[in-house]
Amino acid sequence: MMFVHGVDSKTDIADHLYQSDVLSTEEKEEICNSSLTQQESNRLLYNKLIRKGGDAYTHLLEAVRHGEYHEVASGMEKTELSDQEIQLCQIGMKKLKDRHEKKDILMDHDEVIPKHILEQFENRLEQWKKDDQQFVSTEAEKHVMQKVLAQSSVTLVGNSGTGKSFLSKHIALIMKKHGYTVIPCSKPEDIGKWFKHGRKTLFVFDDVCGRYTLNQQIYTDWKQRLDHIISLLEDKCCKIISTCRLEVYKDELFSNLSIFKMCNIDLSSQEFRLSAAEKYALAEVYFKENTDEVKKLSEKYDFFPTFM
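Sequential numbering of the sequence shown, starting at 101, is according to our numbering.
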């Protein structure tokens with residue numbers, strides 16, 4: 101056969117077929133193995149392509165021309181494949197097509213979050229990490245961490261300045277170390293959009309239904325998607341942590357959003373408000389020289405100035 105004895109498939113031909121997605125990386129490496137003679141490599145390549153199908157044989161002709169083996173290409177064009185070889189081609193092509201379709205499905209399932217979106221999430225998390233360097237551990241933090249690990253949805257409630265947002269981001273960073281994909285969210289539809297069954301995911305919402313008062317539009321969005329989101333939370337890998345001002349949380353309409361009532365922690369409550377020792381520790385981190393003055397102010401208020 102002219103192809104087996106007349107070309108060197110280890111050079112341009114193998115590269116061309118690889119770049120045309122006819123050969124896989126493994127197949128190319130196998131064909132270009134230095135332990136094989138030129139004829140052995142050519143015969144191996146030819147047999148592989150015959151089994152891949154007619155289109156692969158066409159690509160081989162193109163590769164031979166690309167390698168400037170014009171006489172060999174001309175001879176191959178004039179050679180007719182036997183019925184048995186054609187049948188093998190058809191079977192091989194169908195198997196190849198089925199394999200590619202299966203691969204596409206797996207890729208679609210796996211790549212729920214596009215790379216550029218994932219990079220945006222990572223950039224935000226990097227900022228959270230920088231801010232978190234000034235985090236001071238509190239009793240509330242330990243309690244929230246326990247609840248987030250145990251529950252599907254945890255809502256941090258409290259007055260302005262109680263550290264809801266800061267704490268939720270700190271918890272999210274810890275969950276990332278636990279193997280969770282952390283997704284900062286801005287609207288309810290983000291959950292359905294970025295959810296992937298079986299993937300450990302924590303969705304993080306700040307001011308989940310409006311910042312100062314209940315936002316009717318956001319509330320409606322949550323209400324419309326509530327049943328679907330509840331069904332997604334049945335996947336034990338999926339979790340939500342959200343923050344909500346006390347004024348919004350106490351709104352009558354908000355009580356209809358059951359996922360935010362599953363587990364709520366009021367950071368303004370007597371149980372979880374900052375202790376005197378915690379306020380002093382925070383003052384030392386944030387205000388240093390003015391620690392004593394800040395301590396006097398904080399004794400008059402439940403909130404802490406830096407959390408406003």
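In this text, a Cβ means the ideal position worked out from N, Cα and C, and glycines have one as well.
Keep in mind that this is a model prediction, so the values were computed, not measured.
Asked, Found
"Output yes or no for whether 8 Å exceeds the beta carbon distance between I340 and F305.", "yes"
"According to the Cβ coordinates, are Y284 and F372 closer than 8 Å?", "At residue 284 the sequence reads Pro, which differs from the Tyr that was named. Taking 8 Å as the Cβ cut-off, P284 and F372 do not qualify as a contacting pair."
"Which runs of the alpha helix (DSSP H) fall wholly inside the region 272-355 and span at least 4 residues, in chain order?", "289-294, 316-333, 346-349"
"For D231, which of helix, strand or coil comes out of DSSP?", "helix"
"Alpha carbon to alpha carbon, what distance is there between S141 and S135?", "9 Å"
"Where R311 and S260 are concerned, what is the direct C-alpha to C-alpha distance, given to the nearest angstrom?", "10 Å"
"If you draw a straight line from the alpha carbon of K82 to that of K230, how long is it in whole angstroms?", "Outside the modelled stretch of the chain, which goes from 101 to 408, sits residue 82, for which no answer is possible."
"Whose CA, out of K269, A250, A114, lies closest to the CA of E226?", "K269"
"Suppose you measure from the CA of Q324 to the CA of T281; what does that come to, to the nearest Å?", "25 Å"
"From the DSSP output, in three-state form, read off L367 for me.", "coil"
"Enumerate in chain order the residues of its own chain whose CB-to-CB distance from A381 is below 6 Å, with the five nearest sequence positions on each side excluded.", "V236"
"DSSP three-state call for V236: helix, strand or coil?", "coil"
"Contact check, D307 vs R345 under 8 Å by CB: the rounded distance?", "7 Å"
"Leaving out the 5 sequence neighbours to the left and right, which residues in its chain are closer than 8 Å to E378 when beta-carbon positions are compared?", "V236, T238, E239"
"At which residues does the alpha helix (DSSP H) containing T125 begin and terminate?", "125-131"
"Could you tell me the alpha carbon to alpha carbon distance between K247 and S355, rounded to whole angstroms?", "20 Å"
"Quick one: grab the DSSP three-state call for L357.", "coil"
"Using three-state DSSP, classify K122 as helix, strand or coil.", "Correcting the residue identity first, residue 122 is Val in this sequence and not Lys. Reduced to three states, the DSSP call for V122 is coil."
"What is the DSSP secondary structure of S141, counted as helix, strand or coil?", "helix"
"Among Y319, A376, I330, which one has its Cα closest to the Cα of E352?", "Y319"
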